[in-house]
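Trainee:
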Amino acid sequence: MEIRACLNLIEESLRAGGVAEAACEARLILGHLLDCRPGRLLLREGGVEGAVMEEALQIARRRTGGQPLQYLLGVQQFMGLDFLVNENTLIPRWDTEPMVDEAIRLMRSYESPLIADLCCGGGAIAVSIAKALPPARLLAADICPEALQTARQNAQKHGVEKHIEFLCGDLLAPLRGREGKLDMLVCNPPYIPCGEIATLSPEVRREPRLALDGGADGLDFYRRLAAGATPFLKEEGWLVLEMGDGQKEEVCRILLDGGWQIERVTRDLARRERAVFARKSM
Numbered sequence: 051m052e053i054r055a056c057l058n059l060i061e062e063s064l065r066a067g068g069v070a071e072a073a074c075e076a077r078l079i080l081g082h083l084l085d086c087r088p089g090r091l092l093l094r095e096g097g098v099e100g101a102v103m104e105e106a107l108q109i110a111r112r113r114t115g116g117q118p119l120q121y122l123l124g125v126q127q128f129m130g131l132d133f134l135v136n137e138n139t140l141i142p143r144w145d146t147e148p149m150v151d152e153a154i155r156l157m158r159s160y161e162s163p164l165i166a167d168l169c170c171g172g173g174a175i176a177v178s179i180a181k182a183l184p185p186a187r188l189l190a191a192d193i194c195p196e197a198l199q200t201a202r203q204n205a206q207k208h209g210v211e212k213h214i215e216f217l218c219g220d221l222l223a224p225l226r227g228r229e230g231k232l233d234m235l236v237c238n239p240p241y242i243p244c245g246e247i248a249t250l251s252p253e254v255r256r257e258p259r260l261a262l263d264g265g266a267d268g269l270d271f272y273r274r275l276a277a278g279a280t281p282f283l284k285e286e287g288w289l290v291l292e293m294g295d296g297q298k299e300e301v302c303r304i305l306l307d308g309g310w311q312i313e314r315v316t317r318d319l320a321r322r323e324r325a326v327f328a329r330k331s332m
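If you count the sequence shown from 1, you need to add 50 to reach this note's numbering.
1) Would you say Phe128 and Pro142 are within 7 Å of each other, going by their C-beta atoms?
2) Going by beta-carbon coordinates alone, are Ala180 and Val210 separated by less than 7 Å?
3) Among the residues of its own chain, which have a CB less than 7 Å from the CB of Gly264, if the five just before and after it don't count?
4) Using the three-state DSSP reduction, which class does Gly89 fall into: helix, strand or coil?
5) Buried or exposed: where does Pro163 fall if 16 or more other Cβ atoms within 10 Å of its Cβ makes it buried?
6) Going by the CB atoms, is the gap between Leu289 and Ala325 shorter than 7 Å?
7) Rank Cys56, Ala66, Arg87 and Asn136 by C-alpha distance to the C-alpha of Ala101 and give the top, closest one.
8) Under DSSP, the alpha helix (DSSP H) around Phe271 begins and ends at which residues?
9) Would you call the segment 198-210 and the segment 273-286 touching, i.e. three or more CB-CB distances under 8 Å?
10) Give every residue of the same chain whose Cβ lies closer than 8 Å to the Cβ of Ala186, excluding the five residues on either side of it in the sequence, and list them in chain order.
11) Indicate whether Leu64 and Ala72 have their beta-carbon atoms separated by less than 7 Å.
12) Give the list of continuous beta strand (DSSP E) stretches no shorter than 3 residues that lie fully inside the segment 246-329.
13) Which residue comes first and which comes last in the alpha helix (DSSP H) that contains Ile179?
14) Where does Asp233 land, buried or exposed, given buried means 16+ other C-beta within 10 angstroms?
15) Look up Leu217 in the DSSP assignment and say whether it is helix, strand or coil.
16) Where do the N-terminal and C-terminal ends of the alpha helix (DSSP H) with Cys170 fall, by residue?
17) Considering only residues of the same chain and omitting the five flanking positions on each side of Gly81, which have a CB-CB separation below 7 Å?
18) Considering only the beta carbon of each residue, do Leu33 and Phe282 sit closer than 7 Å?
19) Helix, strand or coil: how does DSSP classify Val150 here?
20) Grouping DSSP H, G and I as helix and E and B as strand, with all else coil, what is Gln117?
21) May I ask you to report which of helix, strand or coil DSSP gives Cys237?
22) Can you tell me the Cα-Cα spacing of Gly287 and Thr280, whole angstroms?
23) Where Tyr121 and Ser251 are concerned, what is the direct C-alpha to C-alpha distance, given to the nearest angstrom?
24) Shortest alpha-carbon distance to Gly116 belongs to which of Arg321, Leu131, Gly67 and Ala182?
25) Buried or exposed: which applies to Asp167, given that a residue is buried once 16 or more other Cβ atoms fall within 10 Å of its Cβ?
26) Tell me the residue span of the alpha helix (DSSP H) that contains Ala66.
27) Anyone know if the C-beta pair for Glu257 and Leu140 falls short of 7 Å?
28) I need the straight-line Cα distance from Gly309 to Cys302, nearest angstrom please.
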């Protein structure tokens, strides 16, 4: 079957199931199965075998059942890199990229910075930083052993496994023994109020609840980090936190009340205030 006809069939299946970006997702599905960039599918010579087409339609049917496309394909792009993802990991999102870009920029002048990525999930932040900053040493920590295994696989995939130490435990607990060592602590914590999780889209509700549930008001992890991160950072060390849409005022208040100085707030690709960069007030 010709590629254009295949794309049309996949798109029709997705659209009939209520997928909003049916045309885009059809290209992603077929491109993944043919190992071809979606934008170059129509330039590809040859047709599509029946078995490949059937697999594409099976993926489309599962997608219309509410499963995230990233889990079905097993991959998501972040910071220009392909990351393995599965039901044990939060799906990395482009909205996080400006925060990572700024963290990398701040660390470029350091000779051999030690950076911790807490709640690391599949390791997108830690691996991206390690890839961009070869002199850096990374600590990637998560409470979920299965997520850490995926993070290790992503580090190996991108050739930075020797630069990252993986630690299992709850938030700051894995850092014990590293007091006063960190140049930067980065965290994209769970920040969805627990009462709102049931209202999220079916796709998001498929992601690990541990990576979503931020407590009653979504701010539990910010309180814990504001209260407990200081001993692990060097005197001029950075605390870098992603936050949910509309949470800036409360997150900054928690940090200020905890004795932190807000250095800057960065915006995501939609121009929403998405990450806060803080240092301990002297």
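Cβ coordinates follow ideal geometry from the N, Cα and C atoms, glycine included.
Mentor: Well, looking at it:
1) Taking 7 Å as the Cβ cut-off, Phe128 and Pro142 qualify as a contacting pair.
2) A distance below 7 Å separates the beta carbons of Ala180 and Val210.
3) The residues Pro239, Pro240, Tyr241, Ile242, Pro243, Asp270 and Phe271, in chain order, have a CB closer than 7 Å to that of Gly264 in the same chain once the five nearest residues on each side in sequence are set aside.
4) Under the three-state reduction of DSSP, Gly89 is assigned to helix.
5) Taking every protein chain shown into account, the CB of Pro163 has 16 or more other CB atoms within 10 angstroms, so this residue is buried.
6) No, Cβ-Cβ distance for Ala325 and Leu289 is not below 7 Å.
7) Taking each of Cys56, Ala66, Arg87 and Asn136 in turn and checking the Cα distance to Ala101, the smallest one comes out for Cys56.
8) Element bounds for Phe271: Asp270 to Gly278.
9) Not touching, per the Cβ criterion.
10) Residues of the same chain with a CB within less than 8 Å of the CB of Ala186, apart from the 5 flanking positions on each side, are Met157, Tyr160, Ser162, Pro163, Leu164, Ile165, Ile179, Ala180 and His213 in chain order.
11) The beta carbons of Leu64 and Ala72 sit closer together than 7 Å.
12) The qualifying runs are 283-292 and 310-317.
13) First-last of the alpha helix (DSSP H) with Ile179: Ala174 to Ala182.
14) Counting Cβ neighbours within 10 Å, Asp233 comes out buried, since at least 16 surround it.
15) If DSSP states are grouped into helix, strand and coil, Leu217 belongs with the strands.
16) Careful: Cys170 lies outside any alpha helix (DSSP H) and carries neither H nor E.
17) Excluding residues up to 5 positions away in sequence, Arg87, Pro88 and Leu91 lie with their Cβ nearer than 7 Å to the Cβ of Gly81 in the same chain.
18) Any answer about residue 33 is impossible in this case: the structure gives the chain only from 51 up to 332.
19) The three-state secondary structure of Val150, taken from DSSP, is helix.
20) The three-state secondary structure of Gln117, taken from DSSP, is coil.
21) Strand.
22) Rounded to whole angstroms, Gly287 to Thr280 spans 9 Å at the Cα level.
23) Rounded to whole angstroms, Tyr121 to Ser251 spans 15 Å at the Cα level.
24) Minimum Cα distance to Gly116 is reached at Gly67.
25) When all chains shown are included, Asp167 counts as buried.
26) Its alpha helix (DSSP H) spans residues Ile53 to Ala66.
27) Yes, the Cβ-Cβ distance between Glu257 and Leu140 is below 7 Å.
28) So the alpha carbons of these two residues sit roughly 11 Å apart.
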